[in-house]
Amino acid sequence: MTDVLGKLKRSAGLLFGLVLFVGIICFLGDANSFSVIERIKVRHLVVITVITLLINGVGAFRWKLLLSELGIANLPWRVLFENITLAKLTGHTFSDVFGDIAVRIHGLHHQKVSVGGVLFSVLAEKTFEALLLLSILSGWLYLTATDVDIASGCYSGLLIIVAVLTLFSQLPFRFAFWWVKRKNVDQKGYEAISPGFLPGLQAAGLSLVRYLLVTARYATVFRMLGITIDPLEVFYGTSFAHLGLVCSITPGGIGLVEAGWTGYLVYLSVTTGAIGQFLLVQRVVITICIALSAAIVFALRKIQIVS
Numbered sequence: 000m001t002d003v004l005g006k007l008k009r010s011a012g013l014l015f016g017l018v019l020f021v022g023i024i025c026f027l028g029d030a031n032s033f034s035v036i037e038r039i040k041v042r043h044l045v046v047i048t049v050i051t052l053l054i055n056g057v058g059a060f061r062w063k064l065l066l067s068e069l070g071i072a073n074l075p076w077r078v079l080f081e082n083i084t085l086a087k088l089t090g091h092t093f094s095d096v097f098g099d100i101a102v103r104i105h106g107l108h109h110q111k112v113s114v115g116g117v118l119f120s121v122l123a124e125k126t127f128e129a130l131l132l133l134s135i136l137s138g139w140l141y142l143t144a145t146d147v148d149i150a151s152g153c154y155s156g157l158l159i160i161v162a163v164l165t166l167f168s169q170l171p172f173r174f175a176f177w178w179v180k181r182k183n184v185d186q187k188g189y190e191a192i193s194p195g196f197l198p199g200l201q202a203a204g205l206s207l208v209r210y211l212l213v214t215a216r217y218a219t220v221f222r223m224l225g226i227t228i229d230p231l232e233v234f235y236g237t238s239f240a241h242l243g244l245v246c247s248i249t250p251g252g253i254g255l256v257e258a259g260w261t262g263y264l265v266y267l268s269v270t271t272g273a274i275g276q277f278l279l280v281q282r283v284v285i286t287i288c289i290a291l292s293a294a295i296v297f298a299l300r301k302i303q304i305v306s
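Below is the structure:
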């Protein structure tokens with residue numbers, strides 16, 4: 000019964016996301032909007048696939064750090080990289096929650112890592128990402144409230160981001176244990192572990208590096224379409240888009256990510272036609288590149304096994 004309900008929830012999330020996505024594209028564009036897909040070239044896919052691999056690579060470094068500092072496991076980076084790559088592909092197909100939790104639990108089961116250990120590390124990771132979004136949005140709100148130009152106020156915004164990450168760098172660990180304990184999941188004594196200040200800063204720093212790579216992926220799509228937008232605007236806009244991923248109710252945040260970008264780009268007075276083109280192309284290109292990155296990783300893994 001639980002399995003049926005899970006499938007129904009994922010199907011409903013997919014349907015809701017697709018309806019929202021198509022509705023936004025149709026509202027912003029016209030009958031010729033979908034022709035913009037023809038402008039996607041192989042070189043664009045290569046660049047964005049490389050960025051996607053780097054995003055997963057940094058994510059694997061962060062996960063390795065969390066697993067190690069929390070005393071859960073000390074696993075090779077390659078194992079975690081492959082696991083995250085598969086999780087992202089699954090999350091983009093079904094739901095991010097299913098990819099990030101079910102796939103990772105299954106992947107690390109063979110490494111003798113308990114369910115509680117995986118949940119603890121993934122929750123800490125997701126809390127770091129939420130904390131990063133909060134710090135970036137705080138910086139943007141400060142610049143907006145003080146009517147400071149984004150470019151000239153970049154140092155003020157960066158200072159706020161660093162301050163929030165530094166002050167609350169221990170929060171993800173505490174929240175993760177609270178949640179795992181509340182759900183009565185096997186904790187293996189993680190409550191006795193105090194990672195310290197430096198590991199929290201390192202995890203926050205890796206989260207910021209990963210976020211910058213995600214920003215670069217969106218900036219590449221803007222450049223590909225010839226849409227002129229300041230890199231700092233893309234940096235702040237990415238946080239609005241990724242609020243949809245925090246919700247994790249649709250596969251890959253489809254519909255919700257586009258809604259976040261729409262609101263932000265309308266605020267920047269970008270034309271509706273250009274917004275529609277960007278939303279359509281980024282969804283198509285990122286989906287293809289996530290699949291390509293997974294194919295590359297597992298092809299290399301197969302070659303390594305054979306050799």
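Under numbering that gives the first Met the number 0, read the sequence shown as residues 0 to 306, first letter to last. For each residue, glycine too, the CB sits at the ideal point set by N, CA and C. Source: prediction; values computed, not measured.
For Ala59, the uninterrupted alpha helix (DSSP H) run begins and ends at Val41 to Glu68, by DSSP. Taken in chain order, the unbroken stretches of alpha helix (DSSP H) that lie wholly in the segment 190-273 and span 4 residues or more are 196-224, 230-246 and 255-266.
Apart from sequence neighbours up to five positions away, the residues of its chain that approach Asp95 with a beta-carbon distance below 8 Å are Leu244, Ser247, Pro250, Gly251 and Gly252, ordered along the chain. Shortest Cα-Cα distance from Gly116 to any of Val213, Ile100 and Leu13 involves Ile100. For the pair Leu17 and Gly254, the CB atoms are nearer than the 8 Å cut-off. Within the same chain, and ignoring the five residues on either side of Ala59 in sequence, the residues whose Cβ sits closer than 7 Å to its Cβ are Trp76, Leu79, Phe80 and Ile83. Under the three-state reduction of DSSP, Thr92 is assigned to helix. Per DSSP, the continuous alpha helix (DSSP H) segment holding Leu122 begins and ends at Val114 to Ala144.
With a beta-carbon spacing of about 38 Å, Pro198 and Leu19 fall beyond the 8 Å limit used to define contacts. Around the Cβ of Gln281, a 10 Å sphere holds 16 or more other Cβ atoms; the residue is buried.
Separation of Trp177 and Ile50 (C-alpha to C-alpha, rounded to the nearest whole angstrom) is 34 Å. Scanning Gly236, Leu122, Ala202 and Phe297 for the CA closest to the CA of Ala218 turns up Gly236. Here Cys25 is exposed: its Cβ has fewer than 16 other Cβ atoms, across all protein chains shown, within 10 Å. Under the three-state reduction of DSSP, Gln110 is assigned to coil, being neither helix nor strand. A straight-line Cα-Cα distance of about 15 Å links Ser238 and Leu164. It is roughly 22 Å from the alpha-carbon of Thr143 to the alpha-carbon of Ile274. Of the candidates Ser155, Phe127 and Phe33, the residue whose Cα lies closest to the Cα of Gln169 is Phe127. Burial is judged here by how many other beta carbons sit within 10 angstroms of a residue's own beta carbon; Tyr266 has fewer than 16 and is exposed. In this structure, the CA atom of Leu27 is about 46 Å from the CA atom of Phe196. For Ile71, the three-state secondary structure derived from DSSP is coil. With contacts defined by Cβ atoms closer than 8 Å, Gln276 and Leu211 do not form a contacting pair.
Contact between Thr48 and Cys288 holds, since their C-beta atoms are separated by about 4 Å, short of 8 Å.
Here Thr286 is near His91, since their CB atoms are less than 8 Å apart. The beta carbon of Ala215 sits closer than 8 Å to those of Ile50, all from its chain and outside the five residues before and after it, given in chain order. Taken through DSSP and simplified to helix, strand or coil, Phe167 comes out as coil.
Straight through space, the alpha carbons of Phe234 and Gly204 are spaced by roughly 16 Å. Taking 8 Å as the cut-off, the beta carbon of Pro171 is found closer than this to the beta carbon of Leu130. Distance from the CA of Gly156 to the CA of Ala290, rounded to the nearest whole angstrom, comes to 35 Å.
Between Arg61 and Ser292, the CB-CB gap reaches or exceeds 8 Å.
Within the model, the alpha-carbon separation for Leu299 versus Tyr141 is close to 46 Å.
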